[in-house]
Every structure is written in structure tokens, then in C-alpha cells.
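Engineer: Keeping their order, the protein sequence lines are chains A and B.
Take the first sequence: its letter number 142 is residue 150 in our numbering, and every next letter is one higher.
Take the second sequence: its letter number 29 is residue 37 in our numbering, and every next letter is one higher.
One structure is given below, represented as C-alpha cells, and several questions about it will come after.
2 protein chains.
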Amino acid sequence: MAVDQEKSGTGSGTRTRILDATEEIMLEEGYAGVSSRKVATRAGLKSKLLHYYFATMDDLFIAAFQRREDLHVTRFAGAAASAKPLHALWDLAVDAASSRLYLEFNALACHRPAVREFIARSNSRDRITTTSALQSVFAQYGIDPERFPPKVVATAMAGMARVFATDRALGTSEGHEESLAFVRSLLASLEAAGSPRPGKYPTDSGEHNAVDQ
Amino acid sequence: MAVDQEKSGTGSGTRTRILDATEEIMLEEGYAGVSSRKVATRAGLKSKLLHYYFATMDDLFIAAFQRREDLHVTRFAGAAASAKPLHALWDLAVDAASSRLYLEFNALACHRPAVREFIARSNSRDRITTTSALQSVFAQYGIDPERFPPKVVATAMAGMARVFATDRALGTSEGHEESLAFVRSLLASLEAAGSPRPGKYPTDSGEHNAVDQ
DNA sequence: TGCATAATTAGGCATATGCCTAAATCTTGT
DNA sequence: ACAAGATTTAGGCATATGCCTAATTATGCA
């Protein structure tokens, strides 16, 4: 325990401020721009104190990632339970800040073995959770899982979100508008076709077409 | 062509060796692992010589990226002109080494302004070129561009390729098999349905192949 | 042959980074 | 009030990095 958990509000949020600073630097300069002294300066404290909260840089990165992931899990649950789960899940995946951060974390994981396992596990878990959520939604909406395999849709969603995040970070947006419009219209037609089925599984109702051609 | 650089052609491939070493380190440790001394050691030469070929690290990264991009452009042209362009373009996008490298370059671009413009331009250009190639192939195959907007397909392809690359680098492969199988079967059905298309467009045989515009 | 140019080698400086040990101060529960 | 733990401060070392100036050797060409 000790420092690893938010003991109480006593630290005046020092730990939180450190993680915030870490995220900011990752977004502005990339993960390689994160150094102990830079984080400390940005958080407004001496570098020694940072070392007190996070003995090593690995600890810092893992904690930063952990916090983001916890937030993501919460958001994900909310999205999956919302009235329009497909739209909500898609919006969540595309969320700019999160995607950009995950991008950096993924790159970071490549040369920090201690962090890699955390991120790899999280990636895998997220894909599985998304798949399972989609599966349930698809069943509820009467969407043909052969036509839209949840696992494939989950992978495609993750992929497009990453493209958007990367491009945006580099200042381009070639194809974003069209892709977003296309996906949204697809989601709308999917949700419109299955929406009026609260609590029950459709499987009936003639309009199984949902994705007609 | 292919004269691109080679200051004089007598470097006994030193320049090439430097770029190779740079790529290797990027793949093994990430872009942040690339330092002048490390590259020099790996290429089997003194760090001073590296500085002779590439005055700054920006120059080195830009040259490394440039070389990869030239190779990609060549491969792309070949894929677009092949007998099964859809499969070829997809395979190219998913190619492991290239995707991983582009991933690193993208991350690198975030905190190296001098490199950013190169990469951003390349990303944008690649998306446009892919879109245009898909458009032409779709027209040839009689694939409805409303149902498969080339721009959207190009973005989705780039996205899935990135997910595969990232996951593989981290040691996971959740959903890869299913996604690859799904895409391949989709491509097969598209190519099979389009090949015997009646009309003025050639079916196969590469004589009048319309790859250019 | 000679010569211009490419290719290679040499040492070093200013800076930044990760991580360490020890002590002083503040907060808390009792 | 007091002890125990949490929080903050302090200085420093070994290492790595980017980049610089100059000199020496190898090579191709007229």
C-alpha cells in the first residue's frame, strides 16, 4: 500500500498531478519526452518527490496506464449499457485523447518490458470485452453475426480509431470525414432495425435485413 | 531509377548498413532506442562516421523513412497492377515489418517536428493513392462504391493493419485469425464476382490492365 | 602519375537522465 | 501531547546522448 493507493486527500493530489503531467507530456512530445525531471517540473515539485511516489520510471508509466485503463473500463461499461450501445461504443473507441494515449503507451511498451505485459494484457482484454459486448448487442438487435462477426468488428473499430488518432496527431485527416459518416450511417441503420426490442430477443420480425445489401 | 542517393556508390554500402541498423533498433527497442552510438556500433563503425553520413538524428530518421517509403511505393504499384489487386493491396497493408516500422515512425514524428512533415505527407499520400487504386479496381469489378466507399475501405485497411502490427509487437493476437479470414473471404467474393463482369473492362490478363489512372 | 573528392578516424564538451542515501517537516490517530 | 507514519527537501554520481572541429587515409579519374 503506502503510496500505491490513493491514501486520502492529504497529498493535495500530488500523485494525481504527477500522473496528469505525465499524460500531458506524452501527448505533447511522445512517451520518449517523459523524463523524471520534466514531469516533476510540470507538476510543480522537486524531482526527489517524484521518486518518492514512483521509485522508477516503469512504476510511473504503469501507474499512468493503470489509471487510464480503469477510467476506460468504467466508460466502457456505461457505453455498453446505454440506450444506443453501438454508437456509444464507437464514440468511445474514437475518443481522441484516449486513443492518442493508448498509441503512445503501445509504442512505449516496445522498449519497456516491465510495462509491456500490462499493456498487452489490457489490449487483449479490451478486444475480448468489446467482442462480447458486440455479440450481446447484435443478438439483441437481430444482426447476423455471420455478416458482422463481433470479433472482426471489434478489431476494425480498434483499427480505425487508431488511424484517426495517429493522423490527427500528425495534422492530417485524409478520409476521416467520409469514414466517420459511413460508420455512423451504418450504425444508425443497424440500431434502427433492432431498436424496438427491449428485453427480448427478436429473431422474428420479417425485417431481418438490417444490413440489406 | 533507383539512383535515389548513394553519394557516390563507392561507400561499400555503409549508408545502407546504417539505415539497416536503424531499422533493426527501431523494431527491437522502439524509436527511442535509436541513438547515434548504438546505430554506429550495430553497423560496425565509429560514431564519427555516422555523423559524416547523417549530420543530425533528424537527417538519419528522415533518410530511413524515405528509403522505406520508396520501397513501399514500388510495392504498391506492383500490387495494384497484379492479377488480384485487392488481395495484393491487402497483403501489402498487413505486411508485418512495414507496418511495425510505420508505427514507430508515426510515434517518432510526434516529438520530432522535422520528421513530422515527411511522415504526415506520406500518410496522407498513401491514403489517397490507396483510395484511387481501390476506386479503379472497384469500377473494374463492378463493386458498388456506395456500399464500399474506397476512402472508407482504405482507412479501414490501414487501421486493421496497424492493430495487427501493434498486437504482434506486444505478443497478443486476439481476433487476428478471425479478422484475416473474414477479410480474405470478403475479398475473394468481391474478386470472384467482379472478374467475369461483362463490359468493356478486361477481365484478367495483364495486357490492357488499367493501373494508371 | 597526380589530384580532387569521398571515406574514415580522433578526442571532447555541454547537457540530460535514472537512480541512490539521508534527513527534515507535516498529518494522523490515540 | 506524542509517536508513527506519510510527505517533502537536499546533493550527487555514473552514464548516455547529440553535436562539434580537425586531421588522416582510400578511391576514382584525367
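Backbone N, C-alpha and C fix where the C-beta goes; we use that ideal spot for every residue, glycine too.
Do PHE62(B) and LEU53(B) have their C-beta atoms within less than 7 Å of each other?
Structural biologist: In the second sequence, the residue the question calls residue 62(B) occupies position 54. In the second sequence, the residue the question calls residue 53(B) occupies position 45. No. Outside cutoff.
Engineer: Terminal residues of the continuous alpha helix (DSSP H) containing PHE69(B)?
Structural biologist: Position 61 of the second sequence, counting from 1, holds the residue named residue 69(B). Run containing PHE69(B): 65-88, per the alpha helix (DSSP H) assignment.
Engineer: Given a cut-off of 7 Å, decide if ALA87(A) and ALA96(A) are closer than it, judged by their beta-carbon atoms.
Structural biologist: For the purposes of this step, residue 96(A) is identified with residue 88 of the first sequence, where counting begins at 1. For the purposes of this step, residue 87(A) is identified with residue 79 of the first sequence, where counting begins at 1. Cβ atoms of ALA96(A) and ALA87(A): closer than 7 Å.
Engineer: Candidates LYS92(B), ARG176(B) and LYS159(B): which alpha carbon is nearest ARG133(B)'s?
Structural biologist: Counting from 1 along the second sequence, the entry for residue 133(B) is found at position 125. With distances taken between Cα atoms, ARG133(B) lies closest to LYS159(B).
Engineer: Does the beta-carbon of GLU77(B) have 16 or more other beta-carbons within 10 angstroms, so that it is buried, or is it exposed?
Structural biologist: In the second sequence, counting from the first residue as 1, residue 77(B) sits at position 69. Classification of GLU77(B): buried, given that the 10 Å Cβ count is 16 or more.
Engineer: Can you give me the C-alpha to C-alpha distance between SER130(B) and ARG124(B), rounded to a whole angstrom?
Structural biologist: If you number the second sequence from 1, residue 130(B) lands on position 122. If you number the second sequence from 1, residue 124(B) lands on position 116. Between SER130(B) and ARG124(B), the C-alpha separation is close to 10 Å.
Engineer: For the alpha helix (DSSP H) containing VAL42(B), name the first residue and the last one.
Structural biologist: Walking along the second sequence from the start, residue 42(B) turns up at place 34. From DSSP, VAL42(B) is part of no alpha helix (DSSP H); its letter is neither H nor E.
Engineer: How about GLU182(A): is its C-beta nearer than 7 Å to some C-beta of chain B?
Structural biologist: Position 174 of the first sequence, counted from the start, is the residue given in the question as residue 182(A). It does: the Cβ of GLU182(A) has a partner Cβ on chain B nearer than 7 Å.
Engineer: In its own chain, which residues sit with a C-beta less than 6 Å from the C-beta of ARG45(A), not counting the 5 before and 5 after it?
Structural biologist: Along the first sequence, one-based indexing puts residue 45(A) at 37. Contacts found: SER55.
Engineer: Please report the straight-line C-alpha distance between LYS208(A) and LEU109(A), rounded to a whole angstrom.
Structural biologist: Sequence index remark: in the first sequence, residue 208(A) carries index 200 (1-based). Sequence index remark: in the first sequence, residue 109(A) carries index 101 (1-based). Because LYS208(A) carries a pLDDT of 40, less than 50, the predicted location of this residue cannot be relied on, and no value is offered for it.
Engineer: Determine whether the Cβ of ALA164(B) lies closer than 7 Å to any Cβ atom of chain A.
Structural biologist: As a position in the second sequence, residue 164(B) is number 156, starting the count at 1. It does; some Cβ of chain A falls within 7 Å.
Engineer: In chain order, what residues of the same chain have a beta carbon less than 7 Å from the beta carbon of LEU27(B), not counting five sequence neighbours either side?
Structural biologist: Taking the first residue of the second sequence as position 1, residue 27(B) is located at position 19. The residues are ALA71, ALA72 and ARG75.
Engineer: On the premise that LEU178(A) lies in contact with ALA117(B), defined as a C-beta separation below 8 Å, what is that separation, rounded to the nearest angstrom?
Structural biologist: Numbered from 1 along the second sequence, position 109 holds the residue referred to as residue 117(B). Numbered from 1 along the first sequence, position 170 holds the residue referred to as residue 178(A). Rounded, the Cβ-Cβ distance is 6 Å, consistent with contact.
Engineer: Kindly list, in the order they appear in chain A, the residues whose Cβ is closer than 9 Å to that of GLY150(B).
Structural biologist: On the second sequence, residue 150(B) is found 142 positions in, with the first residue counted as 1. Those do not exist, as GLY150(B) stays about 14 Å from chain A at its closest Cβ, beyond 9 Å.
Engineer: Please classify GLY183(B): does DSSP put it in a helix, a strand, or coil?
Structural biologist: Here residue 183(B) refers to the residue found at position 175 when the second sequence is read from its first residue. Coil.
Engineer: Could you tell me the boundaries of the alpha helix (DSSP H) in which ARG124(B) lies?
Structural biologist: Mapped onto the second sequence, residue 124(B) falls at position 116. Start and end: 121-149.
Engineer: Taking the alpha-carbon positions, what's the VAL11(A) to ALA51(A) distance?
Structural biologist: On the first sequence, residue 11(A) is found 3 positions in, with the first residue counted as 1. On the first sequence, residue 51(A) is found 43 positions in, with the first residue counted as 1. Note that VAL11(A) has pLDDT 39, beneath the 50 cutoff, so the model's placement of it is unreliable and the number below is only indicative. Rounded to whole angstroms, VAL11(A) to ALA51(A) spans 17 Å at the Cα level.
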